[in-house]
Amino acid sequence: MISKTQYISIIILAISLGVLTAIWQINFWMTAIMIFLSVTLIVYIPYVWYMYFSQNTEKIGSYLNQRTKQPIIQFYCSLADSDERGAEEALHLLKKKYKSPNITAIFTVAYAALENRLSTVRDDILLIKDSSVRQYYEALLKVEEGHYEEAEEMSSTLTKPWMGESMKAELLQKKGLSEQAAVHETKAIELTKGMQRYLLVKKYKLI
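Under this note's numbering, the letters of the sequence shown match residues 613 to 819, in that order.
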């Protein structure tokens, strides 16, 4: 979905390039390539920025919520809002789009985590290709099953620092130590950017 600002920028850019190429007598194909590359940058730079690099949670949320017609964004926004119905609808669309179980496994597992039923998707957890994500959900499964000591041991081996902090927070919450858990929740958020940061902030109900 292209925003109004992006749409206006594309029009202005196309007109400007048209005028400049006429003045400089640049050939048609070079002009077409310049326009294509420029439009691609206008469309994808905001996407990459808000999905992976921004630390402004409100702007990330605003950007994502304007694009919920895209199944993958609808899915993660629904997860952030604990909207099980919305997540289920988006998951159905994602499974229709991506036929490979290795691709859909991450969505299936994330949805199961929302409903606290990771034990029902053990096989899907094993299909997750990213080892860091797979280990994270394996540790969450241990927490869900009440195997806290095993989960604590696994938390120290998680390769992404935010995952370790998030796992420590989960374990402390289970022990009823909310104030100590909040410290690790904050650390986990500080270690993330983009959509992952937004998901954690929403999960910990900080916005």
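Cβ atoms here follow ideal geometry from the backbone N, Cα and C, with glycine treated the same way.
If you're wondering where the values come from, they're calculated on a predicted model, not measured in any experiment.
In three-state terms, what does DSSP make of residue i?
i: I715; result: helix
i: R729; result: coil
i: K681; result: coil
i: K814; result: helix
i: Q637; result: coil
i: S666; result: coil
From what residue to what residue does the alpha helix (DSSP H) around residue i run?
i: N677; result: 669-677
i: K707; result: 696-709
By Cβ distance, which residues of its chain are closer than 7 Å to residue i, with the 5 residues on each side in sequence left out?
i: A699; result: F687, S690, L691, Y723, L726
i: A763; result: A751, K754, V755, M779, L783
i: L705; result: P683
i: A781; result: A793, H796, E797, A800
i: T719; result: At residue 719 the sequence reads Phe, which differs from the Thr that was named. Taken in chain order, the residues that qualify are F687, L703, L706.
Is any heavy atom in the ligand ATP found nearer than 7 Å to the beta carbon of residue i?
i: G758; result: With respect to the ligand ATP, the structure offers nothing, as it holds no ligand at all.
Looking only at its own chain, which residues have a Cβ that is under 8 Å from the Cβ of residue i, when we skip the five neighbours before and after it?
i: M807; result: Y662, M663, Y664, I672, L676, Y688
Spatial neighbours of residue i within its chain, please: CB distance less than 6 Å, with the 5 preceding and 5 following residues excluded, ordered by chain position.
i: D695; result: none
Practice problem: Count the CB pairs spanning the region 659-675 and the region 800-815 that are closer than 8 Å, and state whether there are at least three. | Solution: Judged by Cβ distances under 8 Å, the region 659-675 makes contact with the region 800-815, as three or more pairs qualify.
Practice problem: Taking only runs that begin and end inside the region 729-806, name each unbroken alpha helix (DSSP H) of 4 or more residues, in chain order. | Solution: Here the runs fully enclosed are 734-739, 743-756, 760-767, 773-786, 790-802.
Quiz item: Do three or more CB pairs link the region 735-755 to the region 703-711 at distances below 8 Å?
Solution: No: fewer than three Cβ pairs fall under 8 Å.
Quiz item: Counting pairs of Cβ atoms below 8 Å between the region 756-775 and the region 649-667, do you hit three or more?
Solution: These segments do not touch.
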